[in-house]
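Trainee:
Numbering (this note's numbering), first residue to last: 3 to 170.
Quick look at the structure:
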């Protein structure tokens, strides 16, 4: 389990760095400096979505739909696996199970968010509807909160585990 955790965690972080340092800045540059949907942890409104979609170039849209979403698909699977394995390693039951379920919810929300964002990117701007934007925004906020909870639990569980071993 330890080895699988470190392999999935390292691969996830490598992809995350690729996105943070290359693909997300590229998309942002193709949208006049605006932040892509996935990177808005507090969500976005219909008007903000339309502003982003209006500013996004055709090249940026294609890149978002292909390169960014492919990177994100791999990242989500790897970070989800790393969180579940890590939480199982550092937290006692039932907490390892509870937080692992939160990690799975975060992963599912993120995949569904990507599906809706792809729909927004493929929809003519005048046809973008408020319900789709609201659901996509809700999923963005949900995955952000869920990931924050899981990473915090993983960090606190690791600190607790280390302190228990050191203080023996």
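All C-beta atoms in this analysis are idealised placements derived from N, C-alpha and C, irrespective of residue type, glycine included.
If you're wondering where the values come from, they're calculated on a predicted model, not measured in any experiment.
1. Going by beta-carbon coordinates alone, are residue 105 and residue 119 separated by less than 9 Å?
2. What is the DSSP secondary structure of residue 125, counted as helix, strand or coil?
3. Around the C-beta of residue 133, are 16 or more other C-beta atoms found within 10 angstroms, so that it is buried, or is it exposed?
4. Look at residue 31 and residue 62 and say whether their C-beta atoms are less than 9 Å apart.
5. When we look at the beta-carbon of residue 126 and count the other beta-carbons within 10 Å, is it buried (16 or more) or exposed?
6. Counting Cβ pairs closer than 8 Å, one from the stretch 75–95 and one from the stretch 6–19, do we hit at least three?
7. Check whether the stretch 29–48 and the stretch 138–155 touch, using three or more Cβ-Cβ pairs below 8 Å as the test.
8. Identify, in the order they occur along the chain, each residue of the same chain with its Cβ nearer than 7 Å to the Cβ of residue 87, setting aside the five sequence neighbours on each side.
9. So, with DSSP's three-state summary, where would you put residue 32?
10. Is the Cβ-Cβ distance between residue 92 and residue 156 less than 9 Å?
11. Distance check for residue 162 and residue 97, CA to CA, integer angstroms please.
12. Please go through the same chain and pick out, in chain order, the residues whose beta-carbon is closer than 7 Å to the beta-carbon of residue 78, but skip the five residues on each side of it.
13. One question on the structure: do residue 123 and residue 58 come within less than 9 Å of each other, judged by their Cβ atoms?
14. Where does residue 100 sit, in a helix, a strand or coil, going by DSSP?
15. Tell me whether residue 63, by its Cβ, gets closer than 8 Å to a heavy atom of the ligand FMN.
16. Rounded to the nearest angstrom, how far is the Cβ of residue 65 from that of residue 28, given a contact under 8 Å?
Mentor: In this structure, then:
1. Not closer than 9 Å, so no.
2. Coil, per DSSP.
3. By the 10 Å Cβ count, residue 133 comes out exposed.
4. Cβ distance < 9 Å, so residue 31 and residue 62 count as in contact.
5. By the neighbour-count rule (16 or more Cβ atoms within 10 Å), residue 126 is not buried but exposed.
6. Cβ pair count under 8 Å is three or more, so yes.
7. Segment contact: the stretch 29–48 against the stretch 138–155, three or more CB-CB distances shorter than 8 Å; contact assigned.
8. Closer than 7 Å at the Cβ level, and outside the excluded window around residue 87, lie 3, 6, 7 and 10.
9. The answer is coil: DSSP assigns residue 32 none of H, G, I, E or B.
10. It is a contact, given that the beta carbons lie within the stated cut-off.
11. Approximately 13 Å between the Cα atoms of the pair.
12. Hits under 7 Å: 109, 112 and 113.
13. A contact, by the Cβ cut-off of 9 Å.
14. The three-state reading of DSSP puts residue 100 in helix, counting H, G and I together.
15. Looking at this structure, you won't find the ligand FMN or any other ligand, since it has none at all.
16. Rounded to the nearest angstrom, the Cβ distance from residue 65 to residue 28 is 6 Å, consistent with a contact under 8 Å.
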